Amino acid sequence: MPLNPVASVRPAGRLEVIAGPMFSGKSEELMRRVRRATIAGIKVLVISHSLDTRSELSTITSHIGVNIPAVPLSDIDSLAEAAHGEDYDLVAIDEAQFFGPDLVPVVGDIIARGADVIVEGLCVTFDGGPFEPMPTFMAIAEDVLKLTAVCTICGRDAVFHQRLPARESKESSQLSATAIDASHIGGLESYVARCRTHFSPGAIK
Ligand code: ADP
Ligand code: MG
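This note's numbering applies: residue 260 is where the sequence shown begins, and numbers increase by one.
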């Protein structure tokens, strides 16, 4: 019998956050951490959102085409089920913003059961607002990495991304910037990274 019975309970895991605008290297950083964990023999579950159709469904892919295997899921319930299905040491979630604010308690539960969690996603919408749940995760995490992209006009740090005119006209202009839909999926053909000076959402540039 341990002196302190609580000491025998699996301690809670850690929450790590990787946040930033599009093109800031979030997926690259997530893949780097997952690769290291795999080398260390840690049991990892990598989850992507099945809305993200930029790559083969069973991978997460960076803008430069590097990828790692992932389990594509479309909702919170299947995410919770997958995370609790086996005794994972680490659960890594790509494009966490697609799962919406209900992801916060689900991640809390995974951590409470002892697994570490990395949530990676957009903390800012294409019109420059906060994109939940990432700001909430940033507030409660043990570790936060806030990344910036490179402004496509001046080369300075880009904390924003905005839609290109072609994408603007293709999508409904009433579309909410926080909607959980395919409007947040795209690459260089649809979005550009911008610094504070050159960020002008909706402008033809
Ligand atoms: P994220 O997941 O944050 O959207 P990725 O990890 O998929 O980003 O891709 C990052 C890569 O995108 C960079 O290493 C770089 O090769 C490429 N890239 C393209 N445009 C830019 C840009 N404007 N700023 C920074 N990286 C860019
Ligand atoms: Mg990414």
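For every residue, glycine included, the Cβ atom is placed at its ideal position computed from N, Cα and C. It should be emphasised that the depicted structure is a prediction, and the values quoted were computed from it without experimental measurement.
Check: Nearest CA to the CA of Leu349: which residue from Ala408, Cys410, Lys302, Val268?; Outcome: Lys302
Check: When every heavy atom of the ligand MG is checked, does at least one fall within less than 8 Å of the C-beta of Ile227?; Outcome: Only positions 260 to 464 of the chain appear in this structure, which leaves residue 227 out of reach.
Check: Count the other C-beta atoms from every protein chain shown that fall within 10 angstroms of the C-beta of Ala398, then say buried if there are 16 or more, exposed otherwise.; Outcome: exposed
Check: Pairs of beta-carbons, one from the region 325-341 and one from the region 359-379, closer than 8 Å: are there three or more?; Outcome: yes
Check: Compare the Cα-Cα distances from Asp361 to each of Tyr347, Ala374, Asp334 and report the closest residue.; Outcome: Asp334
Check: Any heavy atom of the ligand ADP closer than 8 Å to the beta-carbon of His322?; Outcome: yes
Check: Within 10 angstroms of the Cβ of Ala299, are there 16 or more other Cβ atoms? Answer buried if so, exposed if not.; Outcome: exposed
Check: Which stretch, first to last residue, makes up the alpha helix (DSSP H) that contains Asp368?; Outcome: 362-371
Check: Since Ala408 and Met290 are thought to touch, with beta carbons under 8 Å apart, how far apart are those beta carbons, to the nearest angstrom?; Outcome: Contact flag wrong, Cβ pair sits at about 17 Å.
Check: Quick one: measure Cβ to Cβ for Pro270 and Ser307, integer angstroms, because I've assumed they're closer than 8 Å.; Outcome: Actually they are not in contact, since the Cβ atoms of Pro270 and Ser307 sit about 28 Å apart, beyond 8 Å.
Check: If we ignore side chains and look at the alpha-carbon of each, how far apart do Glu287 and Ile327 end up?; Outcome: 10 Å
Check: Curious, which full-length beta strand (DSSP E) runs of at least 3 residues does the region 339-411 contain?; Outcome: 349-352, 375-381, 402-405
Check: Do Glu288 and the ligand ADP come close, with the Cβ less than 8 Å from some heavy atom?; Outcome: yes
Check: Could you pull the start and end residues of the alpha helix (DSSP H) that Ile298 belongs to?; Outcome: 285-298
Check: By how many angstroms is the C-alpha of Thr318 removed from the C-alpha of Ile463?; Outcome: At Ile463 the pLDDT is 47, less than 50, meaning the model places this residue with poor confidence; the figure from the coordinates comes in the next sentence. Cα to Cα, Ile463 sits roughly 34 Å from Thr318.
Check: So what does DSSP say about Ser307, is it helix, strand or coil?; Outcome: strand
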